[in-house]
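Enquirer: Let me begin by handing over the structure; questions about it come next.
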Amino acid sequence: MSKQLSEQDTDKLNKWIKGGKRKKYTQLYSAASNGCNASTFHTNCDNNGPTVTLVYNTNGSVYGGYSSVSWMSGSGESVYDGDAFLFLLTGGIKNKSCKFTIKSPEYALTMDKDCGPSFGKGPDLLTFKDDVSKYADFFHLKSVMLPDSYKISEKTIKEITDGIFDAKDVVVYAVEDVAEEISLPTPWRKMDLPTWDSELLEILKRDIEEYWPLREMGVSEDAIPYVNVLLLGPVGSGKSSFFNTLNSIFRGRVSIQARAGSSDNSLTKSFHVYSIVSNHRPLRFRICDCRGFEDAHEIDQFDIDSILDGNIKDKYKLVDKSRITRESPFYRRDPKMHDRIHCVAIVVDSNNDPDYPMTDRVQEQMNKTQELMNQKGIPQLILMTKIDCLSETVKLDLSRIFHSPDVKDRVEKLAHSLRLPPYTVLPMKNIDSEQRINENVNILALYNLRQMLRAADDFLLNYLDEFLGDKFEPNFK
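Quick note: the sequence shown uses UniProt numbering, first residue 1, plus one each step.
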């Protein structure tokens, strides 16, 4: 399994590597996954250009080296590299990252077919030799670190390693330059919003707090208590995280009420109905979340149909190859209009291939579900999450989202794949990687929520006469 570098780690490495520009890091080799032996390292990593090597020491420190030239299966000869360096990424006594530059570039790297990555004449860092067996969950590397060609001292090496050369993994990444993105001079989507700032955030927040269904059409506040927005999508797309983002805005701190995270299987196993409270009262909408679509488990279409029609109650467990019955305590026999789903947001990870955003089996489930929604006239939007990974500009400044050609291109391709117009795609960054609430994330989340509530109102317009005449029949089927 590929080991992903954190955003903080890549930021540090980008600054240390000559030029300081954004890089792409692609895993070539992992001792834990591929086996800790020199032959496999060279098979995977030779002639691949610049690389960064990381040693994950059992003491918690992460250190390694950068090479701007390709590794080769040599016989122990030294190779010149004026841009090579060693580094401490995390850990050590001071727990402070540090770069150790080269002082004898003619001895920067050692090319040896019987060794893993080897830096310096000392050697300053020889990761491992030959074939290293695994003990429990670590490798006894017998690494060698003798300061010679790099500006690193014996004391520093001791502080980094504690004299221990046991590692959970040794990982090598190819390092590639990433072309700088050119922002569009005018936004590709015109928003009915002024400049992104704290004032705009308060405007959006007030709009959401004062919302009630069909308010602008003169429908009374008591006609329908709330609308329901259903989040559907593949496992890991960010459905639960979107609710947590919204909830965090009104709670004033990061909320983890809905279970969210990264897993091959859905963390959400049941149908959940969430309310959001502001000023000591629930707001006039509910966010509905259900099990993510996945290859291994399929939600019965009868259950999906029942959710859309309002027959299924909160906390009903969605079981593979099983469907709800009318005798179930979670089955609502006589649903009212406020029990129905009024808008569906299909949640998709923007990092997936936009032409094939889902596996064939998941796409088949989604197609069947979209057919049901089309039959019932339920509006569909696409919530395209994790958009900060698409663009460095957007990552640094979320307010530039509608000036990014990369985001625009992904929106258009994803809309085509899901057979919906591009204007239905709502780009989103959740609070997954945030330790505190972020103003720009909040603005985008509330704007997207407002679009969902407007779509729900569009659905309810089909029943406007009944609402205005107070004749609405609760049994709508």
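Here a beta-carbon is modelled for each residue, glycine too, at the ideal position from N, C-alpha and C. All of these numbers come straight from a predicted model, not from anything done at the bench.
Flag this pair as touching only if the segment 172 to 192 and the segment 403 to 413 have three or more C-beta atom pairs under 8 Å; answer yes or no.
Expert: Touching, per the Cβ criterion.
Enquirer: For Arg371 and Asp177, what's the separation of their Cα atoms in angstroms?
Expert: Here residue 371 is taken as the residue at index 371 of the sequence shown, counted from 1. Here residue 177 is taken as the residue at index 177 of the sequence shown, counted from 1. According to the sequence provided, residue 371 is Glu. The question's Arg does not apply to it. Cα to Cα, the separation comes out at about 43 Å.
Enquirer: With DSSP run on the structure shown, which of helix, strand or coil describes Ser118?
Expert: Residue mapping note: residue 118 aligns to position 118 of the sequence shown, counting from 1. Note: Ser118 maps to strand in three-state DSSP.
Enquirer: Could you tell me which whole beta strand (DSSP E) segments of length 3 or greater appear in the segment 325 to 351?
Expert: Counting whole runs of 3 or more residues, the segment 325 to 351 contains the beta strand (DSSP E) stretches 343 to 349.
Enquirer: Rounded C-beta distance between residue 478 and Ala456? I'm assuming under 8 Å.
Expert: The question about residue 478 has no answer, for the chain in this structure spans 1 to 477.
Enquirer: Kindly indicate which three-state DSSP category His280 falls into: helix, strand or coil?
Expert: Mapped onto the sequence shown, residue 280 falls at position 280. Coil, per DSSP.
Enquirer: I'd like the ranges of any beta strand (DSSP E) spanning at least 3 consecutive residues and lying wholly in the segment 208 to 267.
Expert: Counting only runs of 3 or more, we get 227 to 232.
Enquirer: Give the straight-line distance between the Cα atoms of Ile287 and Asn95, rounded to the nearest whole angstrom.
Expert: The residue given as residue 287 occupies position 287 in the sequence shown. The residue given as residue 95 occupies position 95 in the sequence shown. Ile287 and Asn95: Cα-Cα distance of roughly 42 Å.
Enquirer: Distance check for Ser198 and Asn247, CA to CA, integer angstroms please.
Expert: Sequence index remark: in the sequence shown, residue 247 carries index 247 (1-based). Sequence index remark: in the sequence shown, residue 198 carries index 198 (1-based). Distance between the alpha carbons of Asn247 and Ser198 is about 18 Å.
Enquirer: Taking C-beta to C-beta, are Asp409 and Thr385 nearer than 8 Å?
Expert: Position 409 of the sequence shown holds residue 409. Position 385 of the sequence shown holds residue 385. No, these two residues do not count as a Cβ contact at 8 Å.
Enquirer: For the beta strand (DSSP E) containing Glu176, name the first residue and the last one.
Expert: Within the sequence shown, the letter at position 176 stands for residue 176. That run of the beta strand (DSSP E) goes Asp166 to Asp177.
Enquirer: Specify, as a first and last residue, the run of the beta strand (DSSP E) that Val319 falls within.
Expert: On the sequence shown, position 319 is the one that residue 319 refers to. Here Val319 belongs to no beta strand (DSSP E), and DSSP marks it neither H nor E.
Enquirer: What do you get for Met1, buried or exposed, if any count of 16 or more other CB atoms within 10 angstroms of its CB means buried?
Expert: As a working note, residue 1 is residue 1 in the sequence shown. Its pLDDT being 43, under 50, Met1 is placed unreliably in this model, and the value from its coordinates should be taken loosely. Burial call: exposed.
Enquirer: Find the nearest neighbour of His42 within the set Asp130, His416 and Ser78, judged by alpha-carbon distance.
Expert: Taking the first residue of the sequence shown as 1, we reach residue 42 at position 42. Closest option to His42, Cα to Cα, is Asp130.
Enquirer: Counting Cβ pairs, one atom from each stretch, are 3 or more of them under 8 Å apart for the segment 28 to 37 and the segment 125 to 140?
Expert: Touching, yes, given that three or more Cβ pairs across the two stretches are closer than 8 Å.
Enquirer: Between which two residues does the beta strand (DSSP E) holding Asn57 run?
Expert: Walking along the sequence shown from the start, residue 57 turns up at place 57. Asn57 -> beta strand (DSSP E) spans Thr51 to Asn57.
Enquirer: Among the residues of its own chain, which have a CB less than 6 Å from the CB of Lys12, if the five just before and after it don't count?
Expert: Numbered from 1 along the sequence shown, position 12 holds the residue referred to as residue 12. Excluding residues within five positions, the ones whose Cβ falls inside 6 Å are Ser97.
Enquirer: Does the Cβ of Phe119 have 16 or more other Cβ atoms within 10 Å, making it buried, or fewer, making it exposed?
Expert: Your numbering for residue 119 matches position 119 in the sequence shown. Its Cβ being crowded by 16 or more others within 10 Å, Phe119 is buried.
Enquirer: Buried or exposed, going by whether 16 or more other CB atoms sit within 10 Å of the CB of His416?
Expert: Within the sequence shown, numbered from 1, the residue matching residue 416 stands at position 416. Counting Cβ neighbours within 10 Å, His416 comes out exposed, since fewer than 16 surround it.
Enquirer: Output the distance between the C-alpha atoms of Val69 and Ser278, rounded to the nearest integer angstrom.
Expert: Translated into the one-based positions of the sequence shown, residue 69 becomes position 69. Translated into the one-based positions of the sequence shown, residue 278 becomes position 278. The straight-line gap from Cα to Cα measures roughly 57 Å.
Enquirer: Quick one: Cα of Ala260 to Cα of Lys158, how far?
Expert: Position 260 of the sequence shown, counted from the first residue, corresponds to residue 260. Position 158 of the sequence shown, counted from the first residue, corresponds to residue 158. With a pLDDT of only 49 at Ala260, under 50, the local geometry of the prediction cannot be trusted, and the value read off the model is given with reservation. Using only the alpha carbons, I get a separation of about 39 Å.
Enquirer: To the nearest angstrom, report how far apart Arg326 and Gln257 are at their CA atoms.
Expert: Counting from 1 along the sequence shown, the entry for residue 326 is found at position 326. Counting from 1 along the sequence shown, the entry for residue 257 is found at position 257. Cα-Cα distance, rounded: 30 Å.
Enquirer: In terms of residue numbering, what span does the beta strand (DSSP E) encompassing Cys98 cover?
Expert: The residue labelled residue 98 in the question sits at position 98 within the sequence shown. Unbroken beta strand (DSSP E) run through Cys98: Cys98 to Thr101.
Enquirer: Distance, Cα to Cα, Phe285 vs Val227?
Expert: Here residue 285 refers to the residue found at position 285 when the sequence shown is read from its first residue. Here residue 227 refers to the residue found at position 227 when the sequence shown is read from its first residue. Using only the alpha carbons, I get a separation of about 5 Å.
Enquirer: Alpha helix (DSSP H) containing Ser33: first to last residue?
Expert: The count along the sequence shown starts at 1 and reaches residue 33 at position 33. First-last of the alpha helix (DSSP H) with Ser33: Ala31 to Asn34.
Enquirer: Taking 8 Å as the cut-off, decide whether the C-beta atoms of Phe165 and Leu141 are in contact.
Expert: Taking the sequence shown and counting its residues from 1, the one referred to as residue 165 is at position 165. Taking the sequence shown and counting its residues from 1, the one referred to as residue 141 is at position 141. Closer than 8 Å, so yes.
Enquirer: Quickly, what does DSSP pair Lys134 with across the bridge? List them, please.
Expert: Stepping through the sequence shown from its first residue, residue 134 is reached at position 134. In DSSP, Lys134 forms a bridge with Phe139.
Enquirer: Cβ atoms of Val394 and Ser237: under 8 Å apart, would you say?
Expert: Residue mapping note: residue 237 aligns to position 237 of the sequence shown, counting from 1. Residue mapping note: residue 394 aligns to position 394 of the sequence shown, counting from 1. No, the Cβ-Cβ distance between Ser237 and Val394 is not below 8 Å.
Enquirer: Is the beta carbon of Val170 less than 8 Å from the beta carbon of Gly116?
Expert: Taking the sequence shown and counting its residues from 1, one reaches residue 170 at position 170. Taking the sequence shown and counting its residues from 1, one reaches residue 116 at position 116. Yes, the pair counts as a contact, with Cβ atoms nearer than the cut-off.
Enquirer: With burial defined as no fewer than 16 other Cβ atoms inside 10 Å of the residue's Cβ, what is the status of Leu461: buried or exposed?
Expert: Residue numbering aside, residue 461 sits at position 461 when the sequence shown is read from its first letter. The residue is exposed, with fewer than 16 neighbouring Cβ atoms inside 10 Å.
Enquirer: By DSSP, does His297 sit in helix, in strand, or in coil?
Expert: Looking up residue 297 in the sequence shown gives position 297. Three-state DSSP puts His297 in coil, outside helix and strand.
Enquirer: Could you tell me whether the segment 60 to 80 touches the segment 6 to 26, using the rule of 3 or more Cβ pairs below 8 Å?
Expert: Enough Cβ pairs lie closer than 8 Å, so yes.
Enquirer: Is the segment 83 to 94 close to the segment 102 to 109, with three or more CB pairs under 8 Å?
Expert: Enough Cβ pairs lie closer than 8 Å, so yes.
Enquirer: Taking 8 Å as the cut-off, decide whether the C-beta atoms of Ala174 and Phe139 are in contact.
Expert: For the purposes of this step, residue 174 is taken as the residue at position 174 of the sequence shown. For the purposes of this step, residue 139 is taken as the residue at position 139 of the sequence shown. It is not a contact, given that the beta carbons lie outside the stated cut-off.
Enquirer: Grab the span of the beta strand (DSSP E) containing Met144 for me, first residue to last.
Expert: Residue 144 sits at position 144 when you count from the first residue of the sequence shown. In the sequence as presented, Met is not what sits at residue 144; that position holds Val. Neither: Val144 is in no beta strand (DSSP E) and is coded neither H nor E.
Enquirer: If you drop the 5 nearest sequence neighbours on each side, which residues of the same chain put their C-beta closer than 7 Å to that of Gly74?
Expert: Along the sequence shown, one-based indexing puts residue 74 at 74. Once the five neighbours on either side are set aside, the close Cβ partners of Gly74 are Met111, Asp112 and Lys113.
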